[in-house]
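First residue of the sequence shown? That's 191 in the working numbering, and the numbers climb one at a time after it. Virtual Cβ for every residue (Gly too), placed ideally from N, Cα, C. Every value quoted in this text rests on a predicted model; they were computed, and no experiment measured them. Beneath this line is the structure, given in structure tokens, with notes to follow.
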Amino acid sequence: MPELPEVETVRRTLEPVIVGKTIERCEIYYQRLLPQAGASQFCGQVRNRTIREIVRRGKYLIIDLNGELELIVHLRMTGQLIYKPTQDLPLQKHVSARFWFRDNGELRFVDQRKFGTMYLTQKGDYQGIHGLFTLGPEPLADGFTWHVLAEKLKSMRAIKTILLDQTKIAGLGNIYADEALYRAGVHPLKPGSCLGGTEVKKLHQSIVAVLKEAIASHGTTIKDYRTGSGDTGNFQNKLRVYRRTGKPCGNCQTLIERIKVGGRSTHFCPNCQRWDPECMD
Ligand SMILES: [Zn+2]
């Protein structure tokens, strides 16, 4: 599933090629892509609108259209939003939507599992989009200090589960939660409230570092994720624990283990990420 670095890469690769373009027409091939609108109503509303800006919040892309309208996109499991510089290339499998631009090129939403969603909303009015409305702080924003993180971690839930909670921190998913906990040396099952100040500082640094490095590598392609140009990411070659079960830890050679935390596969080094359950007493 695309997480913050993947969605940010899609944003960065689309920005130079779609901002300033005017949508001439659109076609929706899969109605459930639009939970809040009919296809003809949706296409009627975006027609003749110009893309002014593309921003990201958590795992959401917000495409700002002229006339105070925003097109919100969530890629979910397998969604790909790809710009094609020429129009009417053959239609590949799993295309859910197409947007043709007036001068040239088109934007395609390709989605094998079909969980992706698109919404149209008045600019800044996110009340009808629950996940976006309740989103926690951006981990790469200036205001995200380790004190902010410490506040969010005050819970007896497992730290891994807290990191995946989008209302606590925006944009982390299974890959980067595991990688950040490994770098910080924190056991994924440790309750949030049990982390000391030093651990919270280390975790804060690890979250910021791993997200920045992954963006610099254009994200992680395990299977479906593609950039806005249709390319794969490169960070899958730099993962230290995620999907490395049974391989030696780069720090200590102990074999990486996989457990379930809150129903999610979780990878960690049992030697580097120890948990002394003292704080539970
Ligand atoms: Zn280790």
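To which residues of the same chain is ILE397 closer than 6 Å at the C-beta, ignoring the five residues directly before and after it? PRO329, ALA370
Alpha carbon to alpha carbon, how far is GLU198 from THR388? 29 Å
So, is SER286 buried or exposed, given that buried needs 16 or more other C-beta atoms within 10 angstroms? buried
Can you give the Cα-Cα distance for ALA374 and LYS392, rounded to whole angstroms? 5 Å
Per DSSP, GLY269 forms a beta bridge with which residues? ASP301
Touching or not, the region 432-442 and the region 359-369, by the rule of three or more beta carbon pairs under 8 Å? yes
Following a CB-centred definition, is THR444 positioned closer than 7 Å to any heavy atom of ligand 1? yes
Given this structure, state the Cα-to-Cα distance separating VAL209 from ILE244, to the nearest angstrom. 7 Å
If we ignore side chains and look at the alpha-carbon of each, how far apart do LYS304 and GLY269 end up? 7 Å
C-alpha distance - GLY361 paired with GLY333, whole-angstrom precision: 15 Å
Whose CA, out of GLU217, ASN238, ARG237, lies closest to the CA of ALA229? GLU217
Report the residue ranges of all beta strand (DSSP E) runs contained in full by the region 391-432; include only those spanning at least 3 residues, in chain order. none
Does the distance from the C-beta atom of VAL236 to that of LEU223 stay below 8 Å? no
Where does ARG464 sit, in a helix, a strand or coil, going by DSSP? coil
With a 10 Å radius around its C-beta and 16 neighbouring C-beta atoms as the bar for buried, classify GLY409 as buried or exposed. buried
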